[in-house]
Each structure stands twice: as C-alpha cells, then as structure tokens.
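Input: a single structure, listed below in structure tokens.
Protein chains: 4
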Amino acid sequence: MIIVLKPNLPKADENLVLKEIRRLGYKPHIMRGVARTVIGAIGDEAQHPSLESLRVLPQVESVTPVQKRFKLVSREAHPQDSTIRVGKDVVIGGPEVVVMAGPCSVESETQLMTTAEAVAKAGAKILRGGAYKPRTSPYEFQGLGVKGLKLLAKARKATGLPVITELLSEDHVDQVAEYADILQIGARNAQNFQLLIAAAKTGLPILLKRGLSMKIEEWLLAGEYVLAHGNRHVLFCERGIRTFETYTRNTLDLAAVPIVKKESHLPVVIDPSQGGGRADLVAAMCKGAVAMGADSLLIEVHPNPKEAWSDGAQQLSLEGFSKLMGELKPLIAAVGRK
Amino acid sequence: MIIVLKPNLPKADENLVLKEIRRLGYKPHIMRGVARTVIGAIGDEAQHPSLESLRVLPQVESVTPVQKRFKLVSREAHPQDSTIRVGKDVVIGGPEVVVMAGPCSVESETQLMTTAEAVAKAGAKILRGGAYKPRTSPYEFQGLGVKGLKLLAKARKATGLPVITELLSEDHVDQVAEYADILQIGARNAQNFQLLIAAAKTGLPILLKRGLSMKIEEWLLAGEYVLAHGNRHVLFCERGIRTFETYTRNTLDLAAVPIVKKESHLPVVIDPSQGGGRADLVAAMCKGAVAMGADSLLIEVHPNPKEAWSDGAQQLSLEGFSKLMGELKPLIAAVGRK
Amino acid sequence: MIIVLKPNLPKADENLVLKEIRRLGYKPHIMRGVARTVIGAIGDEAQHPSLESLRVLPQVESVTPVQKRFKLVSREAHPQDSTIRVGKDVVIGGPEVVVMAGPCSVESETQLMTTAEAVAKAGAKILRGGAYKPRTSPYEFQGLGVKGLKLLAKARKATGLPVITELLSEDHVDQVAEYADILQIGARNAQNFQLLIAAAKTGLPILLKRGLSMKIEEWLLAGEYVLAHGNRHVLFCERGIRTFETYTRNTLDLAAVPIVKKESHLPVVIDPSQGGGRADLVAAMCKGAVAMGADSLLIEVHPNPKEAWSDGAQQLSLEGFSKLMGELKPLIAAVGRK
Amino acid sequence: MIIVLKPNLPKADENLVLKEIRRLGYKPHIMRGVARTVIGAIGDEAQHPSLESLRVLPQVESVTPVQKRFKLVSREAHPQDSTIRVGKDVVIGGPEVVVMAGPCSVESETQLMTTAEAVAKAGAKILRGGAYKPRTSPYEFQGLGVKGLKLLAKARKATGLPVITELLSEDHVDQVAEYADILQIGARNAQNFQLLIAAAKTGLPILLKRGLSMKIEEWLLAGEYVLAHGNRHVLFCERGIRTFETYTRNTLDLAAVPIVKKESHLPVVIDPSQGGGRADLVAAMCKGAVAMGADSLLIEVHPNPKEAWSDGAQQLSLEGFSKLMGELKPLIAAVGRK
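Residue numbers (my numbering), protein chains in the order written: chain A, 1140 to 1477; chain B, 1140 to 1477; chain C, 1140 to 1477; chain D, 1140 to 1477.
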C-alpha cells in the first residue's frame, strides 16, 4: 500500500501513522518528496488486514493499494489462454468463435424446437433459453421453471446442442445443474456471492455476466469466487453497462474484450442482445465483438419476436440470425479464427 | 401504451400494426399529428402481454408505457404514510427520526457491546451489525456468521435495542430471521428476487437498499416483490449510487428521499456511511437527509475505526457519533420532527 | 509520482524505467515489496513534465500522482473561508445564506419586473435571469440578448438587487460585463477554458457551474483557471450531474458541498432548479443544501411557470418561492446562519 | 406531445389542462384508457412553444414529445449517405475507410515532420495535430498556438496530407481556418454553441466530438447547429463517454456507429486514443470500429510516446501505427470497404 501523508505534519503525527502501519503487520518505508511525504507499507496485502482503514486518520491524505486483488483468474497466475469444454465437442477460448443462440425465455415446445433446429442449422454450437427469468416486476412472466428445463433437455437431444440456462436461486442449483451444460449467472446476480459459490460447486462451466455497473476489477473478483471454490471453468460475458444514454438500454463496453483477455486467461463472451436491447443493433455489435477478439457470442433468437413473452424488442428472427451468421464468416476469417 | 409510427407509412403497414395491437388484447386508437401518427393502445398494461415487443416491427418508431408498473408500494394504492413497527417500541415513518447505528461487521463481543452501549446512550434506537458480509473479494473477511448473530442477540438483551442485520443467502433465512428484528437486503442483492421473496415470507420488516445503479422505478418494483408476497413492512434505504465521480465511493442521491416519499407510502432511510465511503462526510449527509425528510438514518460506528475488519474508512468513532447526535437535534426540531 | 512495476521484471528493464524517470527530472526511490516493486519519483509534479506517459512502457503497471493538481483554490493555500462581495452589500461565504432568484430566461419587462419585485420582497438578495441562453436545439428560444441585459439593469435599479446572468461567448464578454454583477458560466461551458480566462479578466465574481459529468477535481481545476488569471472571486455552483437515473433530469450531488468546502476556501452555491429539473423537488433540495452548509442558493422563479419560454417544469411560482423562503428560516437558524 | 393525466381527475381539472393545450397552439385529442387518461396534443412541436412546461400542472403526470428534434442531420431529411470532401482528394463517408493520424500535440518541427512522413507512408490520408490544447489544468502545456499551425501547414506541403486541428476559441476562428482543412471541436466544447456557429461559418468540414456525457440526441442536435448555420460538412466523432469504469479513461461507445448511421446521413469517425486513454487498446478498438461500419479513424501517433508533452499514455509509436495499418487491411476488405 502507498500512504500519502497530509502536508506539513509534525514528527509526532508522522510517528503515529508509522506505528499503526507496523501494528497492522506491514513494514513502513518513508519517502520524502517535494510536496508530500509518502509511506510505502511493505507486506502482502492479501495476508494482512487492509490498511485502507488508515484513511480515517486525520494525518492521512490517501491510501492506494499496489497489488492486484484477483489471483486465480489473472494472466499472471496462468499465462496461457484457458479453454472451456462444453458438452462433448464444443471448446470455448480456442480458435473457434462459438455462437450460443436461442430464445430469451423458453415459452413452449414448438417455440423452442423450431428455434433450436434453426439456430443449429445456421451454425450455432450451443442452445440458450431461460427457464427461470429474473424480472424487474413481480407481475411479469417468471419463466416456465422445471418444465422449461425439460424442454431444453429435449431440444438438446434433438439437435445435439449443449444447453446454457440461467441459475437465479441457490435453491435451484441441483435442479438446474441436472439439465444444463453451462450455468448462466445474470447481471443482477453478478455479486450474489452465495449463488456463485453454490454454482461453482457443481463443477459445470459458469457464464458470469458483468453486473449493470460493475467495474472490471469487481467482475474479475466475482469470477475469483468461482475459482477459489474449486471451479476453473468461468466464461466472462459482457452484456452492456448502465450509463446516462437512453437510446439503447445499455452501453455495450466492447473494450472489455481486450481488457479481460489481457488481465485474465479465461474466455470472453459478448451478449449483443442485452447489450443494446435492440434487435437492429445486434448484427453490428456481433461484428465488432468478433473483430475485437471475443471468443463467443450469446444471441437471442425467437421465431416471432413481436410475440415473445419477454424482451421481444431485442430478439432476432430465425431469418435474421441466419443472415447474421453468413455476414460474420468473412470477419471471423479476417481475424484468423473459424 | 403509446405507439409512435415511422413517418410516411403506407396504409397497409399501418393496418399491420393495428392488427398486432388488437391481437395482443388492446384496443387501438389512432391520432394523426402533423409529423407523426400516434396510436394509443387501450387496455390494462398489467393484464395483457407487453406491447413493447412491437418495437421490432419496422413500422414502429417507439413504444411508451403509460401506466406505472408498481402498485402496492405506490401512494396511489395507499395515500397515507405507512409506519413500520420494529421490536416493541420503535416506529419508523412516524414523527420520530429513528437512528440505527453500530459496526459495519460484528467482530467480537467487546467490540459489539462497547458500541451498542455507546450508541444507545447517544440516542440510537436500533443496533446495526453485519454477521454475514458480502465482500467484493473472496479473500476478505466474510463475517462471523451465526456467532455474530448470537452476539447481536446478546447486545439486544443488554441494551434493549432491536437489531438489524444483513441477509445475503436464501439458505440463511431461517437462521437470520431467528435473531434479527429487521432483515437488511444489501445493494448487491437488491434485484436478487428469490432472496426478496424468501425474506418477505418471514414477515419481518425488510430494509431494502438501493442497488448500485438502480433506477428509482426498479427499486420500487423490488419493494413490490416483497409486498406482492404478503409483507407490507418495507423500508427503502438510499446508500449512494455509482457515478463517474472518484472522490467518494458513491454519490448519495438525497433527492431519492422526496421522490420515494412522493411515489410511495413507505418510509425512507439514508445510509451516509456507504453513501460516501468517508467518515468525514457522514455528519453533513445526515443533516441533509434529516432536512429533506428522511425517516431514519443507518450509521456505521466502531470503537476504533482504523482497526475495523471491514470498511474502516467510513465508520464513525463513538465520540464522533455522540457529537453528531447532538448536532442533529436542532435540525430535527427545525423540520418539525423529534 | 508513484510508479508500480510489473512483477518479475529483469534488472535491465528496471534500470530502463529508472533512467527514464531521471531523464524527466525526477529522483527515483525504489521500494521492493512482497508482490511488486514500487518507485517513488521525487520532484515537483507541477514543475516537471508529467510522468504519466511512462504508462506506455511495457515494464510499468501503473502511475499514480501524489500531489494535488489545484493550488490557488485549495484550502492548503488559503486556510480561511473566502468571502465574495457582490454589488455593494451582499457577501457570499459569510454567515448569511444568500438566495439568488429569478426567471430562467428574461422574457419581457412585465415578467422580469414582477418576478424581481416578488423575490426581493420574499428575501432574495440577488436577481438571476438569462439574457443569452445555451439551448440543446438551434430551434429553441436563444434569449433576448442585449435587450434582456438592459431589462436586468432596469430591474436592478428598481429593486436594488445585484444581477447574475450567464456569459456564453467570448464575443459577449464586454457587453455582459457592463450589465452583470456576477458572470455565470454554465455547465456546458465549464471546461471552455478560453471563456473562463476571458471572464476572469473582467474582475467580476464568476459563478462556475459544475459540468454535466465533471469530477470535483476537474471543477476545482476549472476554477483554478480563473484564479491563475488574477481573479479570486469564484463561486462553485453544483447543479446536478448526469447519471443513469431518469426520474430527474440530473442527480444533485449535495455531498459536493462539504467536499468543496473541505478542499477549497471558496463559497459553494446549490442550484436546485437545474439540479432535478422538477419544481416539486426544489424545496426539499434547498433544505438539504442549507443543512449541509451551502453558502448560497440559485433558484428559478417565474410568474407563470407553465408559460415559460424555457425550462418551465423546473421553475417555482412567486407564491411557491415565498412559501419556500418561510420554510427555510428555521433550518438556516438551526445550522447557525442567517 | 403526449400528456398523461394523473388518475381520477375531476372533469374541471381535465378541462383546465385542455384549455392550456389549446392556448399553446395545439389541438388536444383525448384517449381514455383503463388506468389513465392520455391527451395527444396535435401540432408541430417545432413551431409551437414547448408543452413540456405543462409538467408543472398538478394535474399532469408526464409529458412525452413525439417528434424528433433534429432535422437537417436526420436520415429522414436526406436518405442517402453524405460524403465529405477534405482537401482535394480525400472523401469521408464513401467506400474508403479514411485514417487520420498524427501527434496529440504539435511539439516541434522534427516531431511533426517525422510523424507526418511515417503516417503518410503507412497509409494515413489526413494529418492530425493539436496546436491549441484544452487542458484540465492551467499549469499544463497549452499548445504551440500559431507556431503549431504553421508547422502543420509545412507538414501538409511536404506530405500532401490535409490537416485536421482543434478549434477551441471563437477568437481563433480566422487564424485556425487559415491553416486547417478540417476544424475539430473537442468533447469539452461539444455544446459550446457559439463556437459551433462560428466554426460553421468558415464553410470548412467540422469534426464534432461527442461530449463526455452527451446523449446521442444532444450530439445530433449540436451537429444540427452547424447545418442550421449553412454548413453541411459535419463528421460525428465518438471518443468515449464517461462512466463509472476506472480501468480506462473513457468507455468507447462503439454502438454509436450503427446508431448515428441509422439516424443521420453524415459520416462517423472513431477516436480510439481518447476512447480508452491507453495505447494498448487502440488496435482492438480500431478493429471493432471498422467492423461496425465507421467511416474514419482518428489515431494519435508520436515518435516517442513516453516523452510526449500531452497524453503520452494513449499515443501509438510509429512502428505501432504501421503494424496496426497492416492488421486493419483484411478487416476493411471483409466489410467490403477499402
């Protein structure tokens, strides 16, 4: 930690700060600058109680940590790219750009089967579909629950596509894990640490969406919860952050792709559907994501978006999805992936 | 809902939109303006499937809801102020400004007892203390758990102060409800709807913190989850929102006080400790909160903030708290409360 | 500056960084910590070229400045509160809470005179009114210009109230300075440094609104431009910052009051009208501002807000303003001001 | 405009609102819904005084505009893509992706000439360089001024590249216009409407950066100021918006590319240097921008970034720029441009 002292401090006050630093288990190292005295507190920030509390001392102007707080998710800990295997054949984080597609919510057998077959045919490798839905209002459709999970399993059997679906309750872990190939943790639960720990223990790959106003460091630390509980299969999914802009529902932070790939060894997924909340922006966002190095795309597709039971405005039609897959091909080739 | 059509639309396209509106259970009503044609879709927005999906139609420029989405929490549903009774004698939402105080985390019997006695003496009416702590990093102190809950019960017995503590897992509901007088739902769980439902079912008062980037409408709807599950005892607690400013950890949105009191009948609590993340701003924020009509304050107090195991930089000392209580008195009188 | 090196750096790389630091005029001071090596670069950050460019070196993880960038506006430079005299008798920053009030835009002689007389009678000490208006759209009313300035002068003569009005063009400086007692720099021009310099040179008090997404440090540095060009009469005016919330137009950051008063010796003004964009929130915001230590309030008042040519939704009626002034009295007394 | 009335309003109150609507020049049209009564106010919103002031009426719950506020910049007004000619041979907005490159600040003849020749050789078509620099602190380097402009003219002569440079004062318009081929309006001046008007009158192409927290609608309206003053040559430049994220200086909103191209006929430029404030993110951002349909890139390049007098951390080296130009080629081809 770096502790900056207030200017013109009497010696006695300085000593008081030094004493506190030592008492908390660090070795202080003084540097006298032109305008400020700075103390480097030497010691492992992860082992000792945090020095940040020293901010309450009237002698202290600021306290700045030096170490990164995340470890197991970091590139430092694991310099090579990690790959995540899903089902038998799909690998995320390798040369292939893996497309996950399907409806926002599972609504009916017909709706899901039609979509699953169409997205498989168009080149998707994983089927998405919500069985439990976190909805802003208690009066909105909350998902088909276990009935939806069973339909997803049926669609997997019919198409061979592994399935990703959202987990939103600790009480559902066993049930959802029975049917899913990837557990999705939604943006609103991105810092629901108990849910992350429960999900980690299943051993299944976890797709961790970035919270609505989550700093990248916090997102990596949420992933760290999963790795620290013994599960190395984490996918970081950027889905738009909340800003002042009202044209789109969220602002998709595509720079998260190169940043997370620089700081971490784990794959990065882009969700362009939540990312803008508008179907007409999905294609452009997918293209940007691929060009910037995303390992995977998570795209909402519905046979009839205007009748969707949730988030119709952001779902592609089957034709729209198929057309998009064609448009992405030359870009995927141009960045040297497949 | 109000549907605005794109300009210069052929009649056939217009009819297509009208047909969809009818099919979704609404009665369309056309208004031809100078630059745009607008359709009012008449029907209960809470009963019918949402029309917002019509945004995917190429003929539609925008869709705007007309009804408010929250009901049970609204002033419309309950014009008088609601009061929430805590323990035997404390009433929040009435003429008294109720102060809740105590340490961020319960750390030890000495720490808690010392604090509880000091805050009671200074005029606090409820004791706060975290037994389970949601921490950004898995390597940070996660709370004493059930041992902390037992210490809180002991402090309640010694001082007579009812206890508020955080609930952060569906799996802890029974345990925490056994010891707490108010269940606190933290900012990171503000849209953890399953936790809200589980908490609601205990029948205990729920203090619902505003999420880090939660719109007021979303916050009210999260409260609606609690009321819709049969528990009318909700306290809305503003604790700062996330903005670009880096001087403070959060930006305390004090306008939330008059806004929530206008839109809802439920009491409003201000948390100045999380609100700025800096002990030196707590006093000013409490004064602003009281002046603007807050019903209650939730203040972090520690016998030795610089040694606190969590969030030391934002906790008041016992003396600081006592001094603040004195300073608040004339302001509380000036706004006609006690 | 504090330079943190990447971990496990070869000696040669470390030397390269040290050499660069010396070449830029600083004396490096090495601290070897447990996980990172940190270099303190000793030298006056204000005199030497910035070291922040060292971030481009592949050996460097982060660069953190130690000194504060603002000087003349800082408490360190001037420990006592500064007061600003306006006209002959009004002093801002002293014991009195000074209220500035008047219409958003000057629209007509009747409108201005009616308002000026009413606000003077109710206790306002300064008259506000826009003659030049910065409008988001080129098709909106842009102000009466010099005709508006002349009406303001007439109202000053009739009521004795000094006048504050906005300066939005370097080309208007002489003209506006001829009529105004305070020059207002609007939020959209808060980092229009050429305008700040031109305004500074008039010697008149400058009310500097905080920009829409301006960090407090940037705001203080914008004020520093005025002081560095020889004018010590700066008023910092918080008027709401831009966040994701849509219930209000802006989020009023009332914590800016204690923060700016801590960091700077200059007075702080709150604008509750722009701050929320809603007349029904103005009273609560004024109360909060007074309780938190604001030196002055800037309030929009109009004889008939629903007919206002600009921002009608946020202007108080004459009766509303008079009522508010009565409500503020006990609060002003409670904080020991007048 | 759409006016939503509060629920359960007596007839007399409703009539009062209708009367106001008529008095302001609109024809009211009533729709009685299930939960609310809605009034459509028919009339040209651009011709009549705004109805938004009706929000102050206690009878009114909300007022929503229906028309778009921008006209000349809109696709509706000009369905085909506009192209902007710069100098003799460069066309922005056509099939070619035009790269503008050069140093953040002009520092010396050697620095500028070296850079200009290198970027020209690598394929840049326009030379950028700041002669007047808007700096957050008055103590930072403010640019070489007219000396810098002359060096830019010299570099143009030597390389044939047209020149873009920032205009930051109304008082500099004639001088800067004498040397520049494109006038850049910086983010901090994006709503300095007087400067926009003055710049418009030169007839030169205007590159308009998006403000730090500017909504897309406000940005288009700022461009509308230029067109409304007779200059159709506007380039919209996205350079990152301000969010809570601290890993990057700004959050580059790449979705602005498809959105602005949908709403407007004018070209879109991406500035990846300001966009992230980090040289190591520039390449990925350029790739994303090209894939998403940007017409042009504005890239900071410096012969020795760590010695740059401003913003060294975000400038590419000459080699870095040359390498990037090579990497962009296959992507530009993949999206069918050149």
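Ideal Cβ positions, reconstructed from N, Cα and C, are used throughout, including at glycine. Nothing here was measured: the structure is a model prediction, and the numbers come from that model.
Among the options, the one whose alpha carbon lies nearest that of residue i
i, options, result
"Pro1234(C)", "Gly1465(C), Ser1435(C), Val1440(C) and His1441(C)", "Ser1435(C)"
"Ile1471(C)", "Tyr1271(B), Gly1451(B), Trp1448(B) and Lys1426(B)", "Lys1426(B)"
"Gly1432(C)", "Ser1352(B), Ile1181(B), Ala1433(B) and Met1424(B)", "Met1424(B)"
"Gly1350(B)", "Gly1414(B), Leu1455(B), Gly1179(B) and Met1140(B)", "Gly1414(B)"
"Lys1477(C)", "Thr1203(C), Gly1262(C) and Gln1250(C)", "Gly1262(C)"
"Leu1196(D)", "Asn1389(D), Leu1144(D), Leu1322(D) and Val1365(D)", "Leu1144(D)"
"Ala1428(B)", "Lys1400(B), Lys1445(B) and Val1440(B)", "Lys1400(B)"
"Phe1460(D)", "Gly1342(D), Ala1447(D) and Glu1439(D)", "Glu1439(D)"
"Lys1150(D)", "Met1140(D), Ile1141(D) and Thr1176(D)", "Thr1176(D)"
"Leu1463(A)", "Leu1420(A), Arg1162(A), Ile1142(A) and Lys1445(A)", "Leu1420(A)"
"Arg1327(C)", "Ile1141(C), Leu1360(C), Ser1352(C) and Leu1467(C)", "Ser1352(C)"
"Ala1338(C)", "Trp1358(C), Leu1359(C) and Tyr1364(C)", "Tyr1364(C)"
"Arg1344(A)", "Leu1163(A), Gly1362(A) and Glu1356(A)", "Here residue 1344(A) is Pro; the residue named in the question, Arg, does not match the sequence. Ranking Leu1163(A), Gly1362(A) and Glu1356(A) by Cα distance to Pro1344(A) puts Gly1362(A) first."
"Ala1294(C)", "Lys1354(C), Ile1321(C), Ala1259(C) and Val1225(C)", "Ala1259(C)"
"Glu1402(B)", "Thr1387(B), Ser1201(B), Ser1213(B) and Leu1190(B)", "Ser1213(B)"
"Glu1248(D)", "Pro1146(D), Ala1319(D), Ser1201(D) and Ala1297(D)", "Ala1297(D)"
"Leu1360(B)", "Ala1257(B), Asp1410(B), Ile1336(B) and Thr1341(B)", "Ile1336(B)"
Sub-7 angstroms separation of residue i and residue j beta-carbons
i, j, result
"Val1396(A)", "Phe1375(A)", "no"
"Leu1437(C)", "Met1239(C)", "yes"
"Val1230(B)", "Lys1264(B)", "no"
"Gly1325(D)", "Pro1242(D)", "no"
"Leu1347(C)", "Val1373(C)", "yes"
"Gly1282(D)", "Ser1308(D)", "no"
"Gln1453(B)", "Ala1418(B)", "yes"
"Gly1451(D)", "Ser1192(C)", "yes"
"Ile1141(C)", "Ile1141(A)", "yes"
"His1225(A)", "Asp1320(A)", "Sequence inspection shows Val at residue 1225(A); the His mentioned does not correspond to that position. Contact: yes."
"Thr1387(D)", "Gly1416(D)", "yes"
"Glu1357(D)", "Thr1275(C)", "yes"
Per DSSP, cross-strand counterpart(s) of residue i
i, result
"Pro1167(D)", "Ala1180(D)"
"Glu1377(C)", "Ile1409(C)"
"Leu1470(A)", "DSSP lists no partner for Leu1470(A)."
"Ile1141(D)", "Gly1179(D) and Thr1203(D)"
"Thr1390(B)", "Ile1380(B)"
"Gly1239(A)", "At residue 1239(A) the sequence reads Met, which differs from the Gly that was named. Bridge partners of Met1239(A): Ile1265(A) and Leu1437(A)."
"Gln1323(C)", "Glu1305(C) and Leu1346(C)"
"Arg1224(A)", "Val1230(A)"
"Ser1403(B)", "Ser1213(B)"
### Query
What residues from the segment 1262 to 1281 of chain B come within 9 angstroms of chain A, judged by C-beta to C-beta, listed N to C?
Of all residues in the segment 1262 to 1281 of chain B, the ones placed with a Cβ closer than 9 angstroms to any Cβ belonging to chain A are Tyr1271, Pro1273, Arg1274, Thr1275, Ser1276, Pro1277, Tyr1278, Glu1279, Phe1280 and Gln1281, in chain order.
### At least three beta-carbon pairs within less than 8 angstroms, the segment 1217 to 1226 of chain B to the segment 1197 to 1211 of chain D
Taking one beta carbon from each stretch, the segment 1217 to 1226 of chain B and the segment 1197 to 1211 of chain D have fewer than 3 pairs nearer than 8 angstroms; the two do not touch.
### Query
Does the segment 1292 to 1303 of chain A touch the segment 1332 to 1342 of chain A, meaning 3 or more C-beta pairs lie closer than 8 angstroms?
In short, these stretches do not touch, since the Cβ pair count stays below three.
### Query
So does the segment 1147 to 1156 of chain C actually touch the segment 1251 to 1259 of chain B, counting three or more Cβ pairs closer than 8 angstroms?
Cβ pair count under 8 angstroms is below three, so no.
### Query
Is there contact here, the segment 1383 to 1395 of chain A with the segment 1167 to 1185 of chain B, by at least three beta-carbon pairs under 8 angstroms?
As far as the Cβ criterion goes, the segment 1383 to 1395 of chain A does not touch the segment 1167 to 1185 of chain B, which means the pair count is below three.
### Selection of the segment 1384 to 1417 of chain D by Cβ proximity to chain A, strictly under 8 angstroms
Of all residues in the segment 1384 to 1417 of chain D, only Glu1384, Thr1385, Tyr1386, Thr1387, Thr1390, Leu1391, Asp1392, Leu1393, Ala1394, Val1396, Pro1397, Ile1398, Lys1401, Gly1414 and Gly1415 place a beta-carbon less than 8 angstroms from a beta-carbon of chain A.
### Task
Return the residues of the segment 1186 to 1200 of chain C that lie within a Cβ-Cβ distance of less than 8 angstroms from chain D, sorted by chain order.
From the segment 1186 to 1200 of chain C, only Pro1188, Ser1189, Glu1191, Ser1192, Leu1193, Arg1194, Val1195 and Leu1196 have a Cβ closer than 8 angstroms to chain D.
### Query
Name the residues in the segment 1352 to 1383 of chain C whose C-beta lies less than 7 angstroms from a C-beta of chain D; which are they?
Hits within the stretch, in order: Ser1352, Glu1357, Leu1360, Glu1363, Tyr1364, Ala1367 and Arg1381.
### Three-pair Cβ contact test at 8 angstroms for the segment 1375 to 1386 of chain D versus the segment 1440 to 1457 of chain D
With a cut-off of 8 angstroms on Cβ pairs, the segment 1375 to 1386 of chain D is not in contact with the segment 1440 to 1457 of chain D, counting fewer than three such pairs.
### Task
Anything in the segment 1322 to 1336 of chain D with a Cβ closer than 7 angstroms to a Cβ of chain E? List those residues in chain order, please.
Structure shown: chain E not included; protein chains present are A, B, C and D.
### Task
Anything in the segment 1160 to 1174 of chain D with a Cβ closer than 7 angstroms to a Cβ of chain B? List those residues in chain order, please.
Within the segment 1160 to 1174 of chain D, those residues whose Cβ lies closer than 7 angstroms to any Cβ of chain B are, in chain order, His1168, Met1170, Gly1172, Val1173 and Ala1174.
### Task
Could you name the residues of the segment 1425 to 1439 of chain C whose beta carbon sits closer than 8 angstroms to any beta carbon of chain B, in the order they occur along the chain?
Hits within the stretch, in order: Lys1426, Gly1427, Ala1428, Val1429, Ala1430, Met1431 and Gly1432.
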